[in-house]
Amino acid sequence: MDAAGFRRLWDQIAPIGRADSGGYLRFSWSEADLALRAWFDAQAAERGLRTETDRNGNRYAHWDPEPGAAADGRAVLTGSHFDSVPHGGAYDGPLGIVSALLAVDELRAAGFTPARPVVIGAFTEEEGGRFGVPCLGSRLMAGAIDPDRARALTDADGTTFAEAMRAAGADPDALGPDPDRLAATAAFVELHVEQGRALDAPVGVASAIWPHGRWRMDFTGAGDHAGTTRLPDRRDPMLTFAFAVLAARKEARLAGGLATVGRVEAVPNATNAIASRVTAWLDARAPDEAVLAAILAGFESKVCERAARDGTGFAIAPESATPIVEFDAALRDRLADLLGGAPVLPTGAGHDAGVLAAHVPTAMLFVRNPTGVSHAPGEAASDEDCAAGVDALAAVLRELAC
Ligand code: HGY
Ligand code: MN
Ligand code: MN
Ligand code: MN
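Residue numbers (the numbering used here): 1469 to 1870.
Here you go:
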């Protein structure tokens, strides 16, 4: 397709949830998310696609085959997510949904009729940007998280996932595994912007996702006056926290993985008070499980030692874990061949495709990111590469929906 055609549809969602930073605030069930869902529904209606929300709040548009179509009735699922991290980029998620709509247009314009359903999915809370656990919609579908836990997850204001869902008109009582839907899915293909500088061609195919997880860390001490408490008398959790940030980076560097502390909350959060508590979140990723385990073990023991010296408390608890994902090798090779020998590359970023890969033959297409920036306003993709992504996705859907 041509770049201008991509841009026309893309521009329709560009203002939704855009902040002054140039990044996006598109949290699940927020006004922006509901506006995107309404836009998705309108696009589906324009194309005569049947829409549906599953028990976990994931939204779908179905391109149904003609009655009596030859295939076994199982669907080819494509799509991604609308939600963003705070001040995230424009492409992470929505690119996969917009590209899917355009790929359907392209296939129809070419006279293609699918032999099996082609379904476009918009997954809920992929980023965990509001409720903390990433890929929540797909995890629920796959039975990878207890629905009671999901319902009780809270956002920064104390609103639970269940309350947010209900306020948006969805039913949180229905949350839970959806094995029938998984069984009715022949393949899932998620198109996504590449999130680093690893892809030097318009379109690539994913090989694997690094194992990764999130941990909540609580540093506790004694709140006190910044002007009257002598240094030896302090039990300052901020000190232990500061050590932990450096320790995470050091352990990751030594082991050959990645560790990030990108979110922190201090109590009481006053300039002239020693904090009584610091809560922070660790994100760690690695090329394999052993390296990830080594980072965590080294980190925990160093911070515990340090906390003992600081007279502070330190507790760390996992909030989500995603094991290594090796995408279906046959599908990966088939798609790379189909796309004329497209580059095949792993990623350190998590995706709904990574969750569903345990249940359904799954593949990912990546679109080149010239800045290599993601989860920040600088995330980029050229219209030409996005159009190439649409062409690639259309070719893949044609191949899989025959
Ligand atoms: O952070 C992550 O990789 C999540 O998918 N988006
Ligand atoms: Mn993301
Ligand atoms: Mn994403
Ligand atoms: Mn005072």
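Just so you know, even glycine gets a beta-carbon here, dropped at the ideal spot from N, CA and C. In this text the structure is predicted, and so the values were computed from the model without any measurement.
Cut-off 8 angstroms between Cβ atoms - residues of its own chain near residue i, not counting five sequence neighbours on either side
i	result
Glu1574	Met1469, Val1858, Asp1859, Ala1862
Ala1487	Leu1493, His1555
Gly1557	Gly1491, Tyr1492, Val1661, Val1841, Ser1842, His1843, Ala1844, Pro1845, Gly1846, Glu1847, Ala1848
Gly1564	Thr1546, Gly1547, Ser1548, His1549, Glu1658, Leu1659, His1660
Ala1583	Pro1533, Ala1537, Ala1538, Ala1539, Ala1869, Cys1870
Val1759	Ala1723, Gly1724, Gly1725
Ala1482	Ala1558
Gly1737	Before going on, a small fix: residue 1737 reads as Asn here, not Gly. Excluding sequence neighbours, Asn1737 sits near Ala1743.
Glu1733	Val1746, Thr1747, Ala1748
Leu1806	Ala1863, Val1864, Glu1867
Gly1473	Leu1570, Ala1855
Straight-line Cα distance separating residue j from residue i
i	j	result
Thr1622	Ser1496	12 angstroms
Phe1711	Ile1784	15 angstroms
Phe1795	Ala1825	7 angstroms
Ala1618	Phe1629	7 angstroms
Gly1730	Ala1748	8 angstroms
Thr1418	Ala1635	Because the chain is modelled from 1469 through 1870, residue 1418 falls outside the range shown and cannot be assessed.
Ala1789	Ile1742	33 angstroms
Pro1811	Pro1700	57 angstroms
Thr1521	Ala1642	11 angstroms
Gly1681	Ala1577	43 angstroms
Pro1562	Asp1704	43 angstroms
Arg1475	Glu1499	24 angstroms
Val1553	Glu1593	10 angstroms
Leu1667	His1693	52 angstroms
Asp1479	Trp1507	12 angstroms
Thr1627	Met1633	10 angstroms
Asp1851	Leu1707	46 angstroms
Asn1526	Ala1652	16 angstroms
Ile1677	Leu1813	9 angstroms
Ser1685	Pro1791	The residue asked about is misnamed: residue 1685 is Met in this sequence, not Ser. If you take the alpha carbons of Met1685 and Pro1791, they lie about 21 angstroms apart.
Arg1717	Pro1838	26 angstroms
Val1793	Val1746	33 angstroms
Ala1727	Asp1551	23 angstroms
Ala1568	Gly1637	26 angstroms
Ala1804	Val1771	44 angstroms
Cys1854	Gln1663	14 angstroms
Ala1776	Thr1739	25 angstroms
Pro1615	Glu1631	14 angstroms
Gly1611	Arg1702	46 angstroms
Gly1816	Asp1751	11 angstroms
Ile1484	Gly1695	46 angstroms
Arg1649	Arg1753	30 angstroms
Ala1503	Ser1769	46 angstroms
Arg1542	Ala1471	32 angstroms
Arg1802	Ile1613	32 angstroms
Val1713	His1827	36 angstroms
Gly1809	Ala1624	45 angstroms
Arg1505	Pro1535	28 angstroms
Arg1800	Trp1683	31 angstroms
Val1823	Glu1514	31 angstroms
Sequence-distant residues of the same chain with beta carbon closer than 6 angstroms to residue i, five excluded per side
i	result
Gly1490	Pro1845
Asp1509	Thr1519
Leu1868	Val1544, Ala1655
Asp1778	Leu1707, Thr1708
Tyr1528	Glu1520, Val1587, Gly1589
Asp1639	none
Glu1773	none
Met1609	Asn1524, Asp1646
Arg1665	Gly1840
Arg1598	Phe1495, Ser1496, Asp1623
Close-in-space but distant-in-sequence residues of the same chain around residue i (CB under 7 angstroms, 5 per side omitted)
i	result
Ala1762	Ala1723
Ala1571	Val1858, Leu1861, Ala1862, Leu1865
Gly1600	Leu1621, Glu1787
Tyr1559	Val1661, Glu1847, Ala1849
Thr1697	Ile1742
Ala1715	Phe1767, Lys1770, Val1771
CB contact check: residue i to chain C, cutoff 8 angstroms
i	result
Asp1801	No chain C is present in this structure, which holds just one protein chain.
Distance cut 5 angstroms, beta-carbon to ligand 3 heavy atom: residue list by chain order
Working through the chain, the matches are Asp1560, Gly1561.
Decide if the segment 1677-1695 is in contact with the segment 1575-1588; the criterion is three or more beta carbon pairs, one per stretch, under 8 angstroms apart.
no
With a threshold of 8 angstroms, are at least 3 pairs of Cβ atoms found where one atom belongs to the segment 1773-1791 and the other to the segment 1658-1675?
no
Quick one: complete beta strand (DSSP E) runs, 3+ long, within the segment 1648-1686?
Runs found: 1653-1661, 1671-1677.
Sequence ranges, beta strand (DSSP E) only - wholly within the segment 1506-1548, length at least 3
1518-1521, 1527-1531
Which whole runs of the alpha helix (DSSP H) in the segment 1778-1827 are 4 residues long or more, in chain order?
Taken in chain order, the unbroken stretches of alpha helix (DSSP H) that lie wholly in the segment 1778-1827 and span 4 residues or more are 1797-1806, 1820-1824.
What are the uninterrupted segments assigned as beta strand (DSSP E) that are 3 or more residues long and contained completely in the segment 1716-1770, given in chain order?
1726-1735, 1745-1753
Pick out the complete beta strand (DSSP E) segments inside the segment 1565-1592, 3 residues or longer, and give them in chain order.
Counting whole runs of 3 or more residues, the segment 1565-1592 contains the beta strand (DSSP E) stretches 1586-1591.
Ordered list of alpha helix (DSSP H) runs contained in the segment 1828-1870, each at least 4 residues
1851-1868
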